[in-house]
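Numbering (our numbering), first residue to last: 16 to 153.
Below, the structure is given as structure tokens:
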């Protein structure tokens, strides 16, 4: 990978993180209106709501960026998977709500980065090979 490709890849990852934060900020008030304070009282529900907020924002952004359906569904899946896995030890009392949220996010970011590395051709979407403006005639 060239230096330029690495920079584009990292910037695309940062862009995705920003979109996830925007999704949490945008959708959280709607959840609070619908469910009130019940979310804060249940870390498992809070984790799933937060994963949903981030995944919905990511799916919308990936559609705007013209990622394929497969790539979009894979990304949504790796965003949920860490939380789903960590719910089991949480429900058995092996980890607390803080660990669920912290490790869920850490593992989610690692999983997303790993998926991006696995599917490097998809991230970021390749720029069009055609020039945006026709070259002047010689």
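The C-beta atom is built at its ideal place from N, Cα and C for all residues, glycine as well.
How far does the alpha helix (DSSP H) with residue i in it reach, from first residue to last?
{"i": "residue 124", "result": "112-133"}
{"i": "residue 89", "result": "84-106"}
{"i": "residue 52", "result": "Here residue 52 belongs to no alpha helix (DSSP H), and DSSP marks it neither H nor E."}
{"i": "residue 63", "result": "58-79"}
Nearest-angstrom Cα distance between residue i and residue j?
{"i": "residue 62", "j": "residue 32", "result": "17 Å"}
{"i": "residue 115", "j": "residue 80", "result": "31 Å"}
{"i": "residue 107", "j": "residue 70", "result": "26 Å"}
{"i": "residue 112", "j": "residue 59", "result": "7 Å"}
{"i": "residue 21", "j": "residue 65", "result": "29 Å"}
{"i": "residue 35", "j": "residue 118", "result": "17 Å"}
{"i": "residue 137", "j": "residue 47", "result": "35 Å"}
{"i": "residue 27", "j": "residue 77", "result": "11 Å"}
{"i": "residue 122", "j": "residue 97", "result": "6 Å"}
{"i": "residue 153", "j": "residue 17", "result": "Unreliable placement is indicated for residue 153, whose pLDDT of 47 sits below 50; the coordinate value is still reported in the next sentence. Those two C-alpha atoms are separated by around 32 Å."}
{"i": "residue 132", "j": "residue 120", "result": "18 Å"}
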